[in-house]
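Undergrad: I'd like to ask you about the structure that follows.
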Amino acid sequence: MSERLWLAARALLLALLCATSACAIVPQNRRQYLADPTMPAQDDALERRAMRKFHVTREGAAGADGKPAGGGCGCGN
Amino acid sequence: MANPPAEAVAAAISALSRARGAAAVAAFGLLSTVAHADPTSDASILGRSNDGPRIDDFRLRLTSYYQDGRGYQSQAGPVAGPGSERAIIVQPMLLVGIRQSPRIRHEVVVPVDIVSAASANALDVISHASAVNEAVGIEVTSRFELSDDDQLMTHVGWHEEEPFGSGSFALGYTRSLADDNATLGISGQATYDRFDFLQPNGDRYGRRNRTAVNGNLSFSQLLSPTTVFDASYGLTYQEGLLQTSYNSVPLSDAAARTPEVFPHSRTRSALSARVAQHVPETHSTLRAAYRYYWDSFSLSAHTLELELHQYLAPRLIARGSYRYYTQTGVDFFGTSVPSGIGTFSPRTSDSDLAAFHANELGLRLQWLARGHSALDVSYFHYERDNGLYANIFSFGYGESF
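Each protein sequence line maps, in turn, to chains A and B.
For the first sequence, the working numbering begins at 1 and goes up steadily by one.
For the second sequence, the working numbering begins at 1 and goes up steadily by one.
Structure (structure tokens):
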């Protein structure tokens, strides 16, 4: 477990470094492709919710997506 | 002395009359607004004004799950198992986005689950395969833009089904950095579940509860004019009655079953990262995601997701997706236990907590209609190597204003 926590801490540190050192790589006037409907990291909120419900119910792993595991459904997962 | 029922009737008529009057005034006001719309006004040129609350997003989704398989936790089969895991679930959902002001927006989601046939979600449908169970909830998420770079989020949720009720509250903060090239987010959520303590034989021993607290860190970064990267870490701590109390485990030395038992608490962690790459030359977008999960039940899991979005026409998008998932299973899983096992010794036969690999293929067609509306239809096939499979159909409609 401690190795995994250390791995998580390193990944987190890397993420923080990336974010705090964030530079303006892409100026506002070059973001037309980033605004494409296919580009958001997550699709439609309701579709995402429906599939998440299925995966959380049928698989033992949940969490890390802004929602706690084990809440909101009658299963033990 | 006036007759009380007569007074009540008179009051009701008076109230109805006032309501009609108010409706007439409102209708007149609306007609006046339409009649006097100035085509050269700011609102006409820039869009709707932000004078007050208005609905800016409306979505409907209907998802159907057809699932079948066999698991040792199910009683819909021989005593020594495995039993049927067949289930049909229909889930209509509604989302309404409400723009309260230029800096405040609310999103209301109402999900409904209609579960029929054998289900892990309710005892009655395990013992009576044709029974039906319903669940309903409501979730309200509000976002407050504190400044051009800072955003606060609150979330309140409530869920109710036959043996179960749940409430949740979340708070989050997001900061944009470097001219919106990067975003850093932190959020926390608490969930309280209360449910009947149902036994595998149908007996009820009052109510029990469990709580979950969850913290998340996330960040995203624009890597190029066509590339976005994001990553997150989540930590969840659960405490209380964590098992599904009506699940059971076959006894290895008797034709009987014993209730499933979980440890009293569980700590879960997950790291995830994803990248999206647009290819202007082919009008395509590729997305890839990876997630690593581990918890205090000795369960670890890897998830890999790949998606290809392809424009078939200027307003028609096809999506193909593949998802691979593998988990090790919890350390107290078994298809049976001896009858001498301790009352509180952890055990489960739940096939969802066994070691398995799962593959999922998905196809979706989305039509972006004129006037900010969209229609989509999708199909997913999910299959585990321990026998469970599911076919999922989903239909969505959305309208932005």
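Virtual Cβ for every residue (Gly too), placed ideally from N, Cα, C.
Tell me the DSSP bridge mates of Thr-326 of chain B?
TA: BP columns for Thr-326 of chain B point to B:His-302, B:His-357.
Undergrad: Quick one: residues in its chain with C-beta nearer than 8 angstroms to the C-beta of Val-136 of chain B, no 5 flanking neighbours on either side, listed in chain order?
TA: Here the set comprises Val-110, Pro-111, Val-112, Asp-113, His-159, Glu-160, Glu-161.
Undergrad: What residue from B:Asn-386, B:Arg-266, B:Thr-258 has the CA that sits closest to Gly-342 of chain B's CA?
TA: Comparing Cα positions, the closest option is B:Thr-258.
Undergrad: In the DSSP output, what is Met-153 of chain B paired with across the bridge?
TA: According to DSSP, Met-153 of chain B bridges with B:Arg-143, B:Gly-172.
Undergrad: Looking at the structure shown, is Asn-181 of chain B part of a helix, part of a strand, or coil, going by DSSP?
TA: Looking at Asn-181 of chain B - three-state DSSP - the assignment turns out to be coil, as it is neither helix nor strand.
Undergrad: Within this structure, are the beta carbons of Thr-63 of chain B and Glu-47 of chain A separated by less than 9 angstroms?
TA: Yes, the pair counts as a contact, with Cβ atoms nearer than the cut-off.
Undergrad: Whose CA, out of B:Leu-242, B:Ser-373, B:Phe-393, lies closest to the CA of Phe-344 of chain B?
TA: When each option's Cα is compared against that of Phe-344 of chain B, the closest is B:Leu-242.
Undergrad: Should the stretch 353-360 of chain B be called in touch with the stretch 374-392 of chain B, which here means at least 3 C-beta pairs below 8 angstroms?
TA: As far as the Cβ criterion goes, the stretch 353-360 of chain B touches the stretch 374-392 of chain B, which means the pair count is three or higher.
Undergrad: If I'm right that Ala-170 of chain B touches Ser-187 of chain B with Cβ under 8 angstroms, what's the distance once you round it to whole angstroms?
TA: The pair is a contact, with the Cβ atoms about 6 angstroms apart (cut-off 8 angstroms).
Undergrad: Could you tell me whether any Cβ in chain A is nearer than 9 angstroms to the Cβ of Ser-224 of chain B?
TA: True, the Cβ-Cβ gap to chain A drops below 9 angstroms.
Undergrad: Hey, is Gly-60 of chain A's beta-carbon within less than 9 angstroms of any beta-carbon in chain B?
TA: So, interface residue.
Undergrad: Using C-beta distances below 6 angstroms, list every residue in its chain close to Gly-167 of chain B, excluding the 5 sequence neighbours before and after it, in chain order.
TA: Excluding sequence neighbours, Gly-167 of chain B sits near Trp-158, Tyr-192.
Undergrad: Report the CB separation of Gln-197 of chain B from Ser-265 of chain B in whole angstroms; it is logged as a contact under 8 angstroms.
TA: First, the amino acid is wrong: residue 197 of chain B is Phe here, not Gln. About 18 angstroms; that fails the 8 angstroms criterion.
Undergrad: Please decide whether Asn-391 of chain B counts as near chain A, where near means a Cβ-Cβ distance under 9 angstroms.
TA: Closer than 9 angstroms: no.
Undergrad: So, is the C-beta of Ile-25 of chain A closer than 9 angstroms to a C-beta in chain B?
TA: Chain B, which has a Cβ nearer than 9 angstroms to the Cβ of Ile-25 of chain A, makes this yes.
Undergrad: Tell me, please, whether the CB atom of Tyr-379 of chain B is closer than 9 angstroms to any CB atom in chain A?
TA: No - not a single Cβ of chain A is within 9 angstroms of the one on Tyr-379 of chain B.
Undergrad: Going by beta carbon distance, what residues of the same chain come within less than 7 angstroms of Arg-210 of chain B, once the five residues before and after it are set aside?
TA: Excluding residues within five positions, the ones whose Cβ falls inside 7 angstroms are Asp-193, Gln-238, Glu-239, Gly-240, Leu-241, Leu-242.
Undergrad: Give me the Cβ distance between Ser-402 of chain B and Tyr-72 of chain B, rounded to the nearest whole Å; I'm assuming they're in contact under 8 angstroms.
TA: In the structure as shown, chain B starts at 1 and stops at 401, and residue 402 of chain B therefore has no counterpart that could be examined.
Undergrad: Relative to the alpha-carbon of Ile-55 of chain B, which residue among B:Val-108, B:Glu-260, B:Leu-304 has its alpha-carbon at the smallest distance?
TA: Considering only alpha carbons, the answer is B:Val-108.
Undergrad: Among residues of its own chain, excluding the 5 on either side of Ser-400 of chain B, which ones have a beta-carbon nearer than 6 angstroms to its beta-carbon?
TA: Within the same chain, Ser-400 of chain B has close Cβ partners Asp-57, His-372.
Undergrad: Taking 9 angstroms as the CB-CB cut-off, is Arg-30 of chain A touching chain B?
TA: Yes, Arg-30 of chain A counts as interfacial toward chain B.
Undergrad: I need the DSSP call for Phe-54 of chain A, collapsed to helix, strand or coil.
TA: Here Phe-54 of chain A sits in helix by DSSP.
Undergrad: Determine the DSSP secondary structure at Pro-280 of chain B, reduced to helix, strand or coil.
TA: Helix at Pro-280 of chain B.
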